[in-house]
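Protein sequences appear in the order of chains A and B. With the working numbering applied, the first sequence has no gaps in its numbers, which climb one by one up to 776 at the end. With the working numbering applied, the second sequence has no gaps in its numbers, which climb one by one up to 490 at the end. Just so you know, even glycine gets a beta-carbon here, dropped at the ideal spot from N, CA and C. Note that the structure is a prediction, hence the values are computed from the model and not measured.
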Amino acid sequence: MSEILELTAAQAGERVRSGDLDKGELWRAYRDRALADDLNAFTWVCEGDEPEAIDEGGPLGGVPIGIKDLFCTNGVPSQAGSKILEGYRPPYTATAVERLMAAGAPVLAKTNQDEFAMGSSTENSAYGPTLNPWDRTRVPGGSSGGSAAAVAAGTVPWSIGTDTGGSIRQPAALCGIVGLKPTYGAVSRYGMIAFASSLDQAGPFARDTTDAALLLGAMAGPDPCDSTSLGLPEPVRAPTATDLKGIRLGVPEELTGEGIEPGVLAAFSETLDLARQLGATVETMHLPHSPHGLAAYYLIAPAECSSNLARYDGVRYGLRTDGSDLLSMYTRTREQGFGAEVKRRVLIGTYALSSGYYDAYYGRAQKVRTLIARDFTQAWERFDFVVTPTAPGVAFELGAKTQDPLAMYLNDACTVPMSLAGIPAISIPNGLADGLPVGFQIAGPAFSENRILDAAHALEQAIGFDSRRAFA
Amino acid sequence: MTELEPVIGLEIHVQLDTRTKMFCACELGFGEEPNTRTCPVCLGLPGSLPVVNAQAVQYGLMMGLALECEIAPRSIFHRKNYFYPDLAKGYQISQYDIPLCSGGRLGDVRLHRIHLEEDAAKLVHLGQSGRIHGSDASIVDYNRGGTPLAEIVTEPDIHSAEQARDWLILLRETLRQLGVSDVNMEEGSLRADANVSVRPVGTTELGTKTELKNMNSFRFLAQGIEAEVKRQAALIESGQPVVQETLHFDPVTGGLRPLRSKEEAHDYRYFPEPDLVPVAPTPEMVEAARAALPELPAARIARYESDFGLSADTARLFAFDPGWGDYFEQVEGDPRTVANWVTELRARADSPDAVEPAALAKLVGLVEARTVTSGNARVVLDRLAAEGGDPAEIVEREDLGALGDSGELAGIVAKVIEDNPDVVERIRGGNAKAMGALVGPIMRETKGKADGGEVNRLIREQLGV
Chain A
305 MSEILELTAA QAGERVRSGD LDKGELWRAY RDRALADDLN AFTWVCEGDE PEAIDEGGPL
365 GGVPIGIKDL FCTNGVPSQA GSKILEGYRP PYTATAVERL MAAGAPVLAK TNQDEFAMGS
425 STENSAYGPT LNPWDRTRVP GGSSGGSAAA VAAGTVPWSI GTDTGGSIRQ PAALCGIVGL
485 KPTYGAVSRY GMIAFASSLD QAGPFARDTT DAALLLGAMA GPDPCDSTSL GLPEPVRAPT
545 ATDLKGIRLG VPEELTGEGI EPGVLAAFSE TLDLARQLGA TVETMHLPHS PHGLAAYYLI
605 APAECSSNLA RYDGVRYGLR TDGSDLLSMY TRTREQGFGA EVKRRVLIGT YALSSGYYDA
665 YYGRAQKVRT LIARDFTQAW ERFDFVVTPT APGVAFELGA KTQDPLAMYL NDACTVPMSL
725 AGIPAISIPN GLADGLPVGF QIAGPAFSEN RILDAAHALE QAIGFDSRRA FA
Chain B
26 MTELEPVIGL EIHVQLDTRT KMFCACELGF GEEPNTRTCP VCLGLPGSLP VVNAQAVQYG
86 LMMGLALECE IAPRSIFHRK NYFYPDLAKG YQISQYDIPL CSGGRLGDVR LHRIHLEEDA
146 AKLVHLGQSG RIHGSDASIV DYNRGGTPLA EIVTEPDIHS AEQARDWLIL LRETLRQLGV
206 SDVNMEEGSL RADANVSVRP VGTTELGTKT ELKNMNSFRF LAQGIEAEVK RQAALIESGQ
266 PVVQETLHFD PVTGGLRPLR SKEEAHDYRY FPEPDLVPVA PTPEMVEAAR AALPELPAAR
326 IARYESDFGL SADTARLFAF DPGWGDYFEQ VEGDPRTVAN WVTELRARAD SPDAVEPAAL
386 AKLVGLVEAR TVTSGNARVV LDRLAAEGGD PAEIVEREDL GALGDSGELA GIVAKVIEDN
446 PDVVERIRGG NAKAMGALVG PIMRETKGKA DGGEVNRLIR EQLGV
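And the structure:
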């Protein structure tokens with residue numbers, strides 16, 4: 305492994321700023337690796353030299369970055385993993401990406417994903433599945449599987465993705481890296497091709513919590529183009545904690561029992577022991593409504609997506625398949641442009657919003673969402689964080705769950721409640737089960753990102769997981 | 026046969042005259058090259074997000090306050106989902122169950138609500154059909170897409186086509202004076218649909234209603250409602266039911282044509298727009314909107330009638346033309362006399378700026394003092410409107426002063442009587458109307474300086490009739 309690859313993004317950026325590392329050399333090292341990628345982690349890689357407009361003096365130090373396909377990037381393919389947007393190059397760039405570039409990160413590549421972020425394996429991409437660098441017969445998780453696999457494989461130093469019900473945390477866990485879903489509203493959604501507007505939130509993938517904090521600090525901020533954006537109340541700090549003294553961890557019984565693979569539970573228990581050794585108290589608690597999280601999520605997210613995806617009608621951009629009249633043009637375009645999972649969710653969502661069914665489905669799901677959020681609010685009276693395994697299992701084999709949507713949906717069981725509550729959560733690698741990485745999730749109150757990062761940092765130091773093990 | 030009463034409610038769409046569109050920073054414009062006023066937001070490009078136009082909210086608040094509505098502390102936007110090529114996102118962002126303004130009243134009609142939404146883009150269908158079905162091609166101009174709209178919905182308080190037309194004229198004038206829209210029905214910045222039903226007089230239950238669209242003038246609105254009321258009455262009288270449907274007014278035939286029911290069968294799947302936060306007007310916003318309200322036509326009419334004793338027509342005239350109304354209030358003198366002279370001036374001048382209020386007051390004073398006759402005062406007004414100046418000087422310079430009691434007028438009357446023996450004979454024969462044939466020559470002779478009443482008196486005196 306070359307010396308450059310050994311460096312975390314923060315270290316590489318520091319060397320570029322101090323003049324010890326040439327930003328062009330750094331760019332080329334990763335560009336050549338990204339171009340040689342054989343995991344199908346990318347949908348586009350910049351073949352040229354590093355973009356001159358990027359100021360390596362910024363906090364991100366000229367360290368190249370991978371961007372999930374669904375972030376609009378001016379003039380660069382932004383297809384959201386869908387055939388219906390094949391070849392689409394937007395005329396503008398997403399705010400989050402603008403902020404990263406302004407902070408000194410040149411865009412090296414667009415990363416593969418499940419179509420419109422719907423999936424937990426990246427097998428729903430119209431551009432083929434991404435492979436897990438730990439085991440190429442297995443999935444990297446999803447929907448931000450390309451972003452996770454690329455960081456784990458060392459073909460980008462860091463990347464960003466989006467998380468709607470677990471799409472950052474679950475692939476981070478399955479690929480043995482750090483993934484953070486910020487508080488809803490911390491990062492602008494402007495320019496993110498929408499899946500479910502009330503849940504979608506952008507966040508970083510990185511080899512460690514320090515890199516994740518750097519990216520989050522650059523991405524977050526209020527945006528006049530996104531009414532739901534708030535930014536963060538305080539600057540993101542580089543995490544420094546080395547212990548968990550006085551930290552109260554709540555372990556929700558509902559998310560740590562049935563349905564979790566034994567190997568994952570074993571790693572989880574070990575990490576809880578470590579946490580105690582670092583000074584934390586660990587107590588079992590309840591999130592009584594969280595078992596209904598998946599059901600509520602799979603009504604709210606499809607309902608919003610059924611509306612968000614209405615714009616892909618063949619009229620103005622993307623795929624158009626002509627028909628004999630307007631209606632047949634619509635139906636043929638959408639029949640051919642959307643994949644099976646997208647169609648399934650558009651149908652579910654359309655049904656859930658229909659006159660006569662709205663109250664029973666969408667309305668009820670919103671009430672459950674409120675109750676789930678209240679569970680967490682009550683938890684913060686007794687606990688600093690709620691911790692769970694990130695995903696119920698390790699990376700599964702390609703094709704293992706594609707015929708069983710419910711089995712696929714269960715991957716999100718531990719991550720969906722936090723999404724519904726709009727609260728931040730991180731996944732850090734906490735060991736292996738059957739030779740494959742396992743993730744540990746730490747969730748906190750809204751806007752507690754700095755405290756979450758500190759706690760994750762302390763555990764990360766104690767766990768000592770090497771996120772570079774899957775580098776080719 | 027029981028007598029039937031029309032029950033009419035109006036739904037009015039008003040394009041707001043804001044600087045930019047409802048949810049993006051594109052400037053509004055009319056007549057620009059197609060698709061030059063667009064951005065990722067109003068084109069519905071992937072990833073774009075709406076942001077509510079603060080000026081549109083301010084205009085909505087002004088309308089709500091002017092029309093005595095209740096302002097919602099937190100109103101929300103919904104998505105109205107349907108597919109059509111003029112709808113870039115596949116949904117229209119509109120207010121649904123919690124509008125910005127509820128209730129309210131204008132004149133004798135109560136309001137149900139006012140809400141904000143966005144306009145669709147403009148479709149042009151090429152080929153013979155003129156509609157999307159059967160056209161050779163359809164092209165979209167997104168310049169209009171995203172224009173702010175306010176939808177004003179009345180209660181069914183209107184009971185005739187004339188009342189509907191008159192009320193809409195009052196509403197249009199109110200909105201025009203608020204400055205929130207240019208309210209041009211022909212250009213579509215004011216569009217009115219009517220919900221029409223009929224019921225037996227004396228009952229309170231509403232009959233089945235139909236919705237009338239495409240009436241893009243006040244005349245067409247009245248025509249459409251008139252035709253629909255007749256149609257429904259005929260159906261009921263022949264024992265047939267009225268079917269709830271949407272009807273298009275055809276300005277060529279003056280008739281109504283049903284829209285195909287297929288185009289109507291929508292389930293809009295309304296749900297709260299997750300890309301926007303609620304509109305929660307602060308007390309400062311409401312006060313700013315209140316402070317921006319001018320005196321509105323209905324209030325001005327009432328004040329002119331009660332404070333100045335003006336006739337309803339004159340009060341309405343000044344209320345609908347508030348520049349002249351303000352001018353009227355600046356001219357000192359008896360209000361009703363002044364109102365007549367302001368109306369005279371308005372017929373001669375493009376704007377009230379033409380003549381100083383004090384100059385008009387002076388002229389009115391000259392008339393009242395009988396220094397100048399009404400007829401010659403109009404000549405003075407011509408001069409004033411054209412070139413300004415002082416009324417007394419104009420009277421002097423042009424020799425327009427009224428004839429005094431010098432006996433000069435009596436002499437002229439005597440001469441005209443002498444010159445017209447046949448007319449005199451007719452008058453003596455009992456034809457009082459024939460006196461007019463003497464007045465004309467007398468007025469010519471005096472160059473309009475004689476007072477009409479005095480002339481009549483002298484004729485009678487000299488003829489002894």
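Check: Spell out a yes or no on whether the segment 152-169 of chain B and the segment 304-314 of chain B are touching, meaning 3 or more CB-CB pairs, one atom from each, closer than 8 Å.; Outcome: no
Check: Would you report the Cα separation of Arg624(A) and Met633(A), rounded to the nearest angstrom?; Outcome: 7 Å
Check: So which of Phe243(B), Val223(B) and Pro377(B) has the shortest CA-CA distance to Gly350(B)?; Outcome: Pro377(B)
Check: Relative to the alpha-carbon of Ala522(A), which residue among Ala490(A), Leu548(A), Ser501(A) and Gly495(A) has its alpha-carbon at the smallest distance?; Outcome: Ala490(A)
Check: Residues of the segment 648-677 of chain A in Cβ contact with chain B at a cutoff of 8 Å, in chain order, please.; Outcome: Thr654, Leu657, Ser658, Ser659, Tyr662 and Tyr666
Check: Cys376(A) touches chain B at which residues, Cβ-Cβ below 9 Å?; Outcome: Pro65, Leu70, Pro71, Gly72 and Ser73
Check: Figure out for me which residue from Phe509(A), Trp462(A) and Ser610(A) has the closest Cα to the Cα of Ala316(A).; Outcome: Trp462(A)
Check: Mind pulling the alpha helix (DSSP H) runs of 4 or more residues that sit fully within the segment 622-664 of chain A?; Outcome: 630-641 and 644-657
Check: Could you tell me whether any Cβ in chain B is nearer than 8 Å to the Cβ of Val389(A)?; Outcome: In the sequence as displayed, the identity of residue 389(A) is Leu instead of Val. Leu389(A) counts as touching chain B.
Check: Mind the definition here: the segment 590-597 of chain A touches the segment 632-652 of chain A only if three or more C-beta pairs lie below 8 Å; say whether that holds.; Outcome: no
Check: What in chain A is Cβ-close to Ile118(B), meaning under 9 Å?; Outcome: What Ile118(B) touches in chain A: nothing, since even the nearest Cβ is about 11 Å away.
Check: Run down chain B in chain order and give the residues with a C-beta less than 9 Å from the C-beta of Thr532(A).; Outcome: Leu74, Pro299, Asp300, Leu301 and Val302
Check: Tell whether a beta-carbon distance below 8 Å holds between Lys414(A) and Val380(A).; Outcome: yes
Check: Measure from the alpha carbon of Thr441(A) to the alpha carbon of each residue in Gly703(A), Ile746(A), Ala774(A) and Gln745(A), then state which is nearest.; Outcome: Gly703(A)
Check: Residues of chain B with CB closer than 7 Å to the CB of Asp617(A), please, in chain order.; Outcome: Phe108 and Gly115
Check: Could you check how far apart the C-beta atoms of Gly583(A) and Gly550(A) are, in whole angstroms? I think they sit under 8 Å.; Outcome: 7 Å
Check: Going by C-alpha distance, which of Pro395(A), Ala384(A), Asp342(A) and Thr681(A) is nearest Ala453(A)?; Outcome: Asp342(A)
Check: Under 8 Å between C-beta atoms, does Asp19(B) make it to chain A?; Outcome: Residue 19(B) is absent from the structure shown; chain B starts at 26 and stops at 490.
Check: So, for Val404(B): in the same chain, excluding its five sequence neighbours on each side, which residues have a beta-carbon less than 8 Å away from its beta-carbon?; Outcome: Glu423, Leu425 and Gly473
Check: Let me confirm a value: Glu58(B) is counted as buried when at least 16 other C-beta atoms fall within 10 Å, else exposed. Which label applies?; Outcome: exposed
Check: Indicate whether at least one CB of chain B lies closer than 8 Å to the CB of Glu608(A).; Outcome: yes
Check: Taking all protein chains shown into account, do 16 or more other C-beta atoms lie within 10 angstroms of the C-beta of Ala759(A), making it buried, or fewer, making it exposed?; Outcome: buried
Check: So which residues on chain B does Ile493(A) lean against when the C-beta distance must stay under 7 Å?; Outcome: According to the sequence displayed, residue 493(A) carries Arg and not Ile. Correct list: Leu74.
Check: When the Cα atoms are used, what is the spatial distance from Ala515(B) to Gly400(B)?; Outcome: The first residue shown for chain B is 26 and the last is 490, placing residue 515(B) beyond what the model contains.
Check: Counting only beta-carbon atoms, is Leu404(A) nearer than 8 Å to chain E?; Outcome: In the structure shown, chain E does not exist; the protein chains are A and B.
Check: Per DSSP, Gly465(A) forms a beta bridge with which residues?; Outcome: Gly507(A)
Check: Counting only beta-carbon atoms, is Tyr601(A) nearer than 8 Å to chain B?; Outcome: no
Check: Would you kindly work out how many angstroms separate the C-alpha atoms of Thr532(A) and Val77(B), rounded to a whole number?; Outcome: 12 Å
Check: Please classify Val380(A): does DSSP put it in a helix, a strand, or coil?; Outcome: strand
Check: Against chain B, with Cβ distances strictly below 8 Å, would Arg624(A) count as a contact?; Outcome: no
Check: Strictly under 8 Å for the Cβ-Cβ distance: is Arg620(A) near chain B by that measure?; Outcome: yes
Check: Leu41(B) and Ala81(B) - do their beta-carbons sit closer together than 8 Å?; Outcome: yes
Check: Taking 8 Å as the limit between beta carbons, can you name the residues of its chain near Glu180(B), skipping five residues before and five after?; Outcome: Gly34, Val134, Arg135, Leu136 and His137
Check: Can you tell me whether Lys671(A) is buried or exposed? The criterion is at least 16 other CB atoms within 10 Å of its CB, across all chains shown.; Outcome: exposed
Check: What does a CB cutoff of less than 6 Å around Gly232(B) pick up in its chain, not counting 5 residues either side in sequence?; Outcome: Ser222, Val223 and Arg224
Check: Output, in chain order, the set of chain A residues within a Cβ distance shorter than 8 Å of Arg104(B).; Outcome: Ser611
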